[in-house]
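**Q** In my numbering, the protein residues as written are 1087 to 1472.
Idealized CB from N, CA, C, for every residue including glycine.
Bear in mind the structure is a predicted one, so any value in this text is a computation, not a measurement.
Got a structure for you, written out below as structure tokens; questions coming shortly.
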Amino acid sequence: MLLQNKQVAIIGGGPGGLTLARLLQVEGVHVKVYERDPGKNARVQGSPLDLHETSGLAAIRKAGLLDIFRANYMDGADRTTITNPNAEILFSDHEQPGEQTFGDEHFRPEIDRGVLRRILLESLHEDTVIWDSHFISMKPTANGWTLQFKNGHQAFADLVIAADGANSKLRPYVTGIKPFYTGITMLEGHVADAAKNIPGMTAILRGGKIMAFGKNQDILMGQKADGEVGFYASFRTHESWAKTNGLDYNSNESVLEWFRKEYPEWGSQWHELFANATDAFIPRPIYCMPYDQEWEPLPNLTLLGDAAHLMPPFAGEGVNMAMLDALELSEQLLTEANNTLVEAIGIYEKQMRRRASVVAKESTDNGERMHSENALESMLDFFQGK
Ligand SMILES: Cc1cc2nc3c(=O)[nH]c(=O)nc-3n(C[C@H](O)[C@H](O)[C@H](O)COP(=O)(O)OP(=O)(O)OC[C@H]3O[C@@H](n4cnc5c(N)ncnc54)[C@H](O)[C@@H]3O)c2cc1C
């Protein structure tokens, strides 16, 4: 085996990195995950994730975690309601009989990010993840790398996998290619105990998702675990909006005032979201890696997930691609068919880039459609299969 007596370091304990750790560890590979979060109880932010049969779920199945996933996904959270800016319901699939079964390619079960992370963590040997390990740099040592962390610790690895997400610190060791801004920014908010705090919106949400479309601007909402709801105001703006808008992200009043001003055609029903947000708002400018990126494979370093192919979230594919990367990379690293690490990495990277570029383009195109002048009509057509 190519990885016999080798130490593998995965930088980043997101869904991609943890899935790879599991897939390698069950085959006896020595693997450590270095994660900057202080501990396993650090809160995982962001929207819930829908896993797809031939990517995210395929990785879960190969990792032997399908039963625990089935016990923890949010039944019904994939149901979608589309509204106009006045929160009038124009489409809902809540009443449609669903093909709600695992194994069906149209079934996209939703899981809370924190729950997915817990499932993956609990599948690993206890000392696999080294918390509070914020990677800052590395230097070549023998045939591998010496990793340097912010807390002063160092570690050696024969093979390093960059799974450190959108703003990867390892990407520049592989390629100088940088992501481009898509013209869209999302402002993320959360409401705990949503049934009590935002009863109007909870009644429309019905434990699923809301997609509300106006002209060039949207609100997207989704059920999370423990009665929490996550939402995004999503809109076209310039790249530096998040840093120059003067908003106090800790102040619900400040953000609500912004919403009233910037979403003037939207009904007051939406105000309860902003007025009752329970954490600071998080601005998320949306970036994408170029579709035609290429680089030469290295024998001791590769990328997966957002670190490799950051893409907009508008096709719900980012996490699925990250987990499929983990599956395909583990297969190339473990097969007897490859004679060298550079060969295994080269095969993985070639197919990963080709696959991700198609999906990234689709995600960007969806983003354009969802933030267009006629987004509502266009998305209704899409959901009604016209
Ligand atoms: C607003 C928004 C909504 C989204 N919605 C969806 C969706 O519905 N469906 C979907 O499939 N995808 C969605 N995505 C995309 C999805 O979140 C990502 O594609 C996915 O999380 C990528 O997984 P990853 O493991 O590659 O990276 P990440 O999930 O980003 O994980 C990276 C990990 O690395 C750690 N890390 C970062 N830097 C360092 C460092 N220097 N040292 C050590 N550790 C580090 C981080 O703490 C984190 O744990 C969304 C993204 C955004 C921004």
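Hey, would you say Ile1270 sits closer than 8 Å to Pro1398, going by beta carbons?
**A** Yes. Within cutoff.
**Q** Can you check DSSP and say which residues form a bridge with Pro1371?
**A** Note: Pro1371 sits in a beta bridge opposite Thr1271.
**Q** Is there contact between the stretch 1237 to 1253 and the stretch 1211 to 1223, where contact requires at least three CB pairs shorter than 8 Å?
**A** The answer is yes - the stretch 1211 to 1223 touches the stretch 1237 to 1253, with three or more Cβ pairs under 8 Å.
**Q** What does DSSP give as the partner residue(s) for Met1224 in the beta ladder?
**A** DSSP output for Met1224 lists Leu1233 as bridge partner(s).
**Q** Heavy atom of ligand 1 less than 7 Å from the Cβ of Arg1257, yes or no?
**A** The answer is no for Arg1257.
**Q** Where Met1438 and Leu1137 are concerned, what is the direct C-alpha to C-alpha distance, given to the nearest angstrom?
**A** Roughly 18 Å separates the two Cα atoms.
**Q** By the DSSP assignment, the alpha helix (DSSP H) with Ile1175 in it spans what residues?
**A** No alpha helix (DSSP H) holds Ile1175; the beta strand (DSSP E) holding it covers Ile1175 to Ser1178.
**Q** What does a CB cutoff of less than 6 Å around Ile1431 pick up in its chain, not counting 5 residues either side in sequence?
**A** So the qualifying residues of the chain are Pro1383 and Thr1388.
**Q** So is the beta-carbon of Val1405 under 7 Å away from any non-hydrogen atom of ligand 1?
**A** Indeed, a heavy atom of ligand 1 lies less than 7 Å from the Cβ.
**Q** Report the three-state DSSP secondary structure of Gly1098 (helix, strand or coil).
**A** Three-state result, Gly1098: coil.
**Q** Under the criterion of a Cβ to heavy atom distance below 7 Å, does Leu1415 qualify as lining ligand 1?
**A** No; taking the cut-off as 7 Å, the Cβ of Leu1415 has no heavy atom of ligand 1 nearer than that.
**Q** Under 8 Å, do Ser1141 and Met1407 count as touching if we go by C-beta distance?
**A** Cβ atoms of Ser1141 and Met1407: closer than 8 Å.
**Q** Between Ser1326 and Asp1334, how many whole angstroms is the CB-CB distance? I'm expecting something under 8 Å.
**A** With a Cβ gap of about 17 Å, Ser1326 and Asp1334 do not count as contacting.
**Q** For Ser1337 and Ala1173, I'd like the C-alpha separation in whole angstroms.
**A** One C-alpha to the other measures close to 24 Å.
**Q** Pick helix, strand or coil for Gly1308, following the three-state DSSP scheme.
**A** Gly1308: strand per DSSP, three-state reduction.
**Q** Between the Cα of Tyr1318 and those of His1357, Gly1332 and Trp1381, spot the shortest distance and give me the residue it belongs to.
**A** Minimum Cα distance to Tyr1318 is reached at His1357.
**Q** Is Glu1339 close to ligand 1? I mean its beta-carbon at under 7 Å from any heavy atom of the ligand.
**A** The answer is no for Glu1339.
**Q** Start and end of the beta strand (DSSP E) containing Arg1322?
**A** First-last of the beta strand (DSSP E) with Arg1322: Val1315 to Arg1322.
**Q** How about Gly1251: is its Cβ closer than 7 Å to a heavy atom in ligand 1?
**A** Yes, since a heavy atom of ligand 1 falls inside the 7 Å radius drawn around the Cβ of Gly1251.
**Q** Should Lys1031 and Pro1134 be called a contact, given that it needs their Cβ atoms to be closer than 8 Å?
**A** Because the chain spans 1087 through 1472 in this model, residue 1031 falls outside it and cannot be assessed.
**Q** From what residue to what residue does the alpha helix (DSSP H) around Ala1281 run?
**A** Unbroken alpha helix (DSSP H) run through Ala1281: Ala1280 to Asn1283.
**Q** State yes or no: is the C-beta of Leu1466 within less than 8 Å of the C-beta of Ile1168?
**A** Result yes, Cβ atoms of Leu1466 and Ile1168 sit closer than 8 Å.
**Q** Could you tell me how far apart the beta carbons of Val1215 and Asn1158 are, in whole angstroms, since I believe they sit closer than 8 Å?
**A** About 19 Å separates the two Cβ atoms, so there is no contact after all.
**Q** How far does the alpha helix (DSSP H) with Met1397 in it reach, from first residue to last?
**A** Run containing Met1397: none; DSSP gives neither H nor E here.
**Q** Where do the ends of the alpha helix (DSSP H) carrying Met1465 lie?
**A** Per DSSP, Met1465 belongs to the alpha helix (DSSP H) from Ala1461 to Phe1469.
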